[in-house]
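The block underneath contains the structure these notes are about, expressed in structure tokens.
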Amino acid sequence: MDFNDTPEEAEFRAEANAFLSQHLKPKTPGALRSVGREDFLERAKAWQKTKAEGGFAQITWPKEMGGRGGTVMQQVIWGQEEAKFDAPTGPFAIGLGMCVPTVIAFGSDEHKKRYVQKALMGEEIWCQLFSEPAAGSDVAGLKTKAVKDGDEWVINGQKVWTSGAHYSDYGILLVRTDPNVPKHKGLTMFIVDMKQKGVDVRPIHQASGGKEFNEVYFTDVRIPDSDRLGEPGMGWKVALVTLMNERLAVGGSPGPDWKEIMDYARSAGTLSDQAFRAKLADWYVAAQGYKLTKFRTQTALSRGETPGPENAIGKIINANHLQDICNSAIEMQDHFGLIVDKDEAPSDAIFQESFMWAPGLRIAGGTDEILKNIIAERVLGLPQDVRVDKDKTFAEMN
Amino acid sequence: MNFDFSDDQKFLRDEARKFLEAQCTTAHVREVLDDDSKSHNEGVWKQIVEMGWLGAAIPEEYGGLGLGMLELCVIAEELGRVLAPVPFGSSAYFFAEALKLAGSDEQKSQLLPKVADGSLIGCIAVSEGPGEIKAGTIATRLKDGVISGKKIPVTDGDIATHAIVLVKDGSGESLVIVDLNQSGVSREPVKTLEPTRSHATISFDGASAELLGEAGNGMALLDQINDRAAVLLAFEQLGGASRCLEMANDYAKERVAFGRAIGGNQAIKHKLADMYVKNEVARSNAYYGAWALSSDAAELPEAAAAARVAASEAYWFASKENIQTHGGMGFTWEVDCHLFYRRAKLLAVQAGSPAVWKEKLVSALEAKNG
Ligand SMILES: Cc1cc2nc3c(=O)[nH]c(=O)nc-3n(C[C@H](O)[C@H](O)[C@H](O)COP(=O)(O)OP(=O)(O)OC[C@H]3O[C@@H](n4cnc5c(N)ncnc54)[C@H](O)[C@@H]3O)c2cc1C
Ligand SMILES: Cc1cc2nc3c(=O)[nH]c(=O)nc-3n(C[C@H](O)[C@H](O)[C@H](O)COP(=O)(O)OP(=O)(O)OC[C@H]3O[C@@H](n4cnc5c(N)ncnc54)[C@H](O)[C@@H]3O)c2cc1C
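Next comes the structure, spelled out in structure tokens:
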């Protein structure tokens, strides 16, 4: 057990840090959520390109995929160092974290040549088109259908909650190709060009005020059969690979933590309050629990072990933790805590902003309830929920 | 970075688990539970002594195995899993660690070999009444090399041969080492929530004592001793909490109500998932504490406190919800659930309650993030 870098790790850390210092400014508390800024997308694309050219994008990917061919520990170190800077990484998390790995796992050599490098260089952005109005947690119950027509498939239906669809170039699209089998067996995955005719992207106004996700309508959209990922009917298996990557990618702490609320309490003169101190201890323990559990997973990964559904715990801890901290910070500010104007609100209004974002975090990428089911069923081996649709075909149920 | 135990340490864990599952079953624990005259399980204790575990973290020059703190953490978790009804923690986590930390060369060479071979059983005697141990509240007095006063409760105080005692003297508080087999010492067993670990009231009336560390440095030293013990206790707690989850999980799969296993209901599934999450948080914090302890890191105070807070919460939750999952059966004397519920409470309040450790944690964070 050792938390210190090995000499090679220390060398890599220094190299990473030097590269980051050369290109970015250190992170300030106000920069915790810079997603909403006007120039965010342009900055993000530029940073992705710089990173890729410097050899720091997708560190564990093999060199022939444009990665560094590096180790898991190098990826960890890079993540730790990048987090110290005001790095605009958001728009690529879904594409590089989930979609492109799915393309690499199931796509043809043509696909890999065509898409991987461009995504890596920040030239093309990807989105994930799974959820639908009637199929979120139960995503296998989705209705958007694809009908074969010669060498093409014709897509009709609607997706929803698609993050970044409004600025995405491509997406991975899960659709129903066979309604006459049970729901999980009739799905197929495709690569879809988001800019083509018949794809209609309509931003959704979020409860938090922003417009980061969308409804996406498909009307007679044609996709060549060659853009299929996996066999027809194997879409669920392909989707699980995406979702497994999602739970690894989504866990990161996106807002204020124990340190920020402690700093605020000190400046406000409430750090001596006993009740507050007891809560602060709990937040520190939870934050450490999250961070250190990730270290354990990364240690396992670095030994070539595959992370299991245990990773679901990261997201459960994190999202609830964030919501709780923001709520407490606002209540500490009393009536003034309502103010969201950055010029007036303490700490650049990070608590208020994340307060409105936290509910979404508990839903996106698997709700708390679904993640608990995953832990109960796949880690603890408890019986599955009653599934009334289990042995019925999709058509019979709908 | 490498955030896991080594293969050798995992081998030690596997061996310890095999041994304890065979030699320290809950039937052995119940021998102590059901017999007021028994302070510990002698057979189990004898075998643990023979394994040399008491000396796992005692250097070879003082008669130990000289393995290290990580190995002691591994052993602690296993002892926690089986609710070992023996004075291991008092002797190894508190007494031996206190000597390693503050003992003179002479004290170490005299006493540590005896801890390692089990001929000496150590304990720590601090509490005198309800509430947190604070400077200025200690009545037991040291004067001219002898002490007088009363300590209650002292975990393993009735079987121990030696105690480290917190006393007041002219210079404030000090720690002293006391041989308990002398005429100025009398002991009475005291009934507690946790009968499988014995407790005593110890009265001192002119008992001779020698200083451990500097006079007047008792509170600071006690803090350091508790930081070290806290990590080891956290591993015992983690072991117990893990067993509670296993028991609840087994029962939830077996017990049928309303035509299906109770573990098929989300109220039970999510309860056990919550247990799992808390246990993992406790495990990660305990590992960090183990690292800080074994490397004498400057982070030890906050790492130890976080380990202890997380482990106390996890064990409390797991032990109470394990009873709940067992329904009416969980509330019987015969079913083992209550043994864990009892042990969880002992380990949560020994060496300071969760509230005390939360305050220590925040003070440490405050000092470092000023
Ligand atoms: C910020 C954000 C970004 C998103 N981005 C994307 C994206 O890019 N691409 C994409 O495809 N999707 C995306 N989603 C969609 C997300 O995956 C779904 O919202 C989520 O899976 C929940 O589905 P739902 O909204 O239909 O809720 P429902 O499934 O209708 O759930 C409603 C409630 O019922 C509970 N529930 C449902 N089933 C069960 C059960 N079996 N047992 C117990 N409780 C249950 C849920 O936990 C929840 O509390 C995003 C969502 C958010 C909030
Ligand atoms: C102190 C005490 C006094 C009692 N006195 C009497 C008495 O005088 N007369 C009498 O007849 N009985 C008495 N009982 C029995 C008591 O009513 C039962 O213990 C209780 O109904 C639970 O049943 P069980 O023990 O079989 O647990 P189980 O039904 O096996 O339940 C085990 C666990 O599974 C959970 N569970 C079960 N079904 C579901 C479900 N569908 N959804 C979610 N969770 C579920 C339960 O909540 C529990 O946590 C007494 C029990 C106690 C502890």
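Chains as they are written, first to last, in the numbering used here: chain A, 62 to 459; chain B, 636 to 1005. Glycine is no exception: its CB is placed at the ideal position from the N, C-alpha and C atoms.
Does the Cβ of residue i have 16 or more other Cβ atoms within 10 Å, making it buried, or fewer, making it exposed?
{"i": "Asn861 (chain B)", "result": "buried"}
{"i": "Ala946 (chain B)", "result": "buried"}
{"i": "Lys913 (chain B)", "result": "buried"}
{"i": "Leu399 (chain A)", "result": "exposed"}
{"i": "Ser169 (chain A)", "result": "exposed"}
{"i": "Gly247 (chain A)", "result": "buried"}
{"i": "Asp669 (chain B)", "result": "exposed"}
{"i": "Ala166 (chain A)", "result": "exposed"}
{"i": "Asp395 (chain A)", "result": "exposed"}
{"i": "Ala364 (chain A)", "result": "Going by the sequence as given, residue 364 (chain A) is Arg instead of Ala. So Arg364 (chain A) counts as exposed."}
{"i": "Asp63 (chain A)", "result": "exposed"}
{"i": "Leu655 (chain B)", "result": "buried"}
{"i": "Thr358 (chain A)", "result": "buried"}
{"i": "Ala106 (chain A)", "result": "The identity of residue 106 (chain A) in the sequence shown is Lys, whereas the question assumes Ala. By the neighbour-count rule (16 or more Cβ atoms within 10 Å), Lys106 (chain A) is buried."}
{"i": "Leu817 (chain B)", "result": "The amino acid at residue 817 (chain B) is misidentified as Leu; the sequence shows Gln. Exposed: under 16 other Cβ atoms inside 10 Å."}
{"i": "Lys1003 (chain B)", "result": "exposed"}
Would you check whether ligand 2 has a heavy atom nearer than 7 Å to the C-beta of residue i?
{"i": "Asn900 (chain B)", "result": "yes"}
{"i": "Met910 (chain B)", "result": "no"}
{"i": "Ala892 (chain B)", "result": "yes"}
{"i": "Phe966 (chain B)", "result": "yes"}
{"i": "Ile897 (chain B)", "result": "yes"}
{"i": "Gly963 (chain B)", "result": "yes"}
Of the residues the options, which one's Cα is nearest the Cα of residue i?
{"i": "Arg448 (chain A)", "options": "A:Pro149, A:Tyr176, A:Gly202", "result": "A:Gly202"}
{"i": "Gly690 (chain B)", "options": "B:Ser877, B:Gly701, B:Pro824, B:Pro788", "result": "B:Gly701"}
{"i": "Val944 (chain B)", "options": "B:Arg863, B:Trp992, B:Arg918, B:Lys645", "result": "B:Trp992"}
{"i": "Ser988 (chain B)", "options": "B:Ile768, B:Ala999, B:Glu823", "result": "B:Ile768"}
{"i": "Gln257 (chain A)", "options": "A:Tyr231, A:Pro243, A:Glu70, A:Glu276", "result": "A:Tyr231"}
{"i": "Ser929 (chain B)", "options": "B:Leu647, B:Cys659, B:Leu707", "result": "B:Leu707"}
{"i": "Lys220 (chain A)", "options": "A:Lys209, A:Leu234, A:Val208, A:Glu213", "result": "A:Leu234"}
{"i": "Pro285 (chain A)", "options": "A:Asp212, A:Ile216, A:Met295, A:Tyr345", "result": "A:Asp212"}
{"i": "Gly259 (chain A)", "options": "A:Gly218, A:Pro243, A:Pro240", "result": "A:Gly218"}
{"i": "Pro152 (chain A)", "options": "A:Gly115, A:Lys110, A:His172, A:Gly116", "result": "A:Lys110"}
{"i": "Leu190 (chain A)", "options": "A:Glu321, A:Ala373, A:Met255", "result": "A:Met255"}
{"i": "Val997 (chain B)", "options": "A:Ile436, A:Phe397, A:Leu341, A:Lys352", "result": "A:Leu341"}
Am I right that residue i and residue j are in contact with their C-beta atoms under 8 Å? What's the rounded C-beta distance?
{"i": "Leu828 (chain B)", "j": "Lys980 (chain B)", "result": "5 Å"}
{"i": "Asp804 (chain B)", "j": "Lys778 (chain B)", "result": "7 Å"}
{"i": "Thr775 (chain B)", "j": "Ser762 (chain B)", "result": "Wrong, their Cβ atoms sit about 11 Å apart, outside the cutoff."}
{"i": "Asp460 (chain A)", "j": "Met458 (chain A)", "result": "Limits of chain A in this structure are 62 at one end and 459 at the other, which puts residue 460 (chain A) out of reach."}
{"i": "Ala835 (chain B)", "j": "Gly807 (chain B)", "result": "With a Cβ gap of about 26 Å, Ala835 (chain B) and Gly807 (chain B) do not count as contacting."}
{"i": "Phe251 (chain A)", "j": "Leu290 (chain A)", "result": "7 Å"}
Taking C-beta to C-beta, are residue i and residue j nearer than 8 Å?
{"i": "Gly225 (chain A)", "j": "Ile265 (chain A)", "result": "no"}
{"i": "Ala887 (chain B)", "j": "Ile897 (chain B)", "result": "yes"}
{"i": "Gly819 (chain B)", "j": "Ser843 (chain B)", "result": "yes"}
{"i": "Val789 (chain B)", "j": "Pro720 (chain B)", "result": "no"}
{"i": "Gly848 (chain B)", "j": "Ala727 (chain B)", "result": "no"}
{"i": "Val161 (chain A)", "j": "Thr205 (chain A)", "result": "no"}
{"i": "Thr238 (chain A)", "j": "Ala207 (chain A)", "result": "yes"}
{"i": "Lys433 (chain A)", "j": "Lys904 (chain B)", "result": "yes"}
{"i": "Ala148 (chain A)", "j": "Trp108 (chain A)", "result": "yes"}
{"i": "Leu868 (chain B)", "j": "Ala986 (chain B)", "result": "yes"}
{"i": "Ala940 (chain B)", "j": "Ala927 (chain B)", "result": "no"}
Hey, is residue i close to ligand 1, as in C-beta under 7 Å from one of its heavy atoms?
{"i": "Thr960 (chain B)", "result": "no"}
{"i": "Asp446 (chain A)", "result": "yes"}
{"i": "Glu430 (chain A)", "result": "yes"}
{"i": "Asp199 (chain A)", "result": "yes"}
{"i": "Gly421 (chain A)", "result": "yes"}
{"i": "Ser877 (chain B)", "result": "no"}
{"i": "Gly427 (chain A)", "result": "yes"}
{"i": "Phe975 (chain B)", "result": "no"}
{"i": "Phe730 (chain B)", "result": "no"}
{"i": "Ser1006 (chain B)", "result": "Nothing about residue 1006 (chain B) can be reported from this structure: the residues present for chain B run from 636 to 1005 only."}
{"i": "Cys1012 (chain B)", "result": "Not covered by the structure: residue 1012 (chain B). The range shown for chain B is 636 to 1005."}
{"i": "Ser192 (chain A)", "result": "yes"}
Legend entry - Contact residues within the segment 976-998 of chain B, judged by C-beta distance below 8 Å to chain D: Within the model displayed, chain D is absent; protein chains A and B are what it includes.
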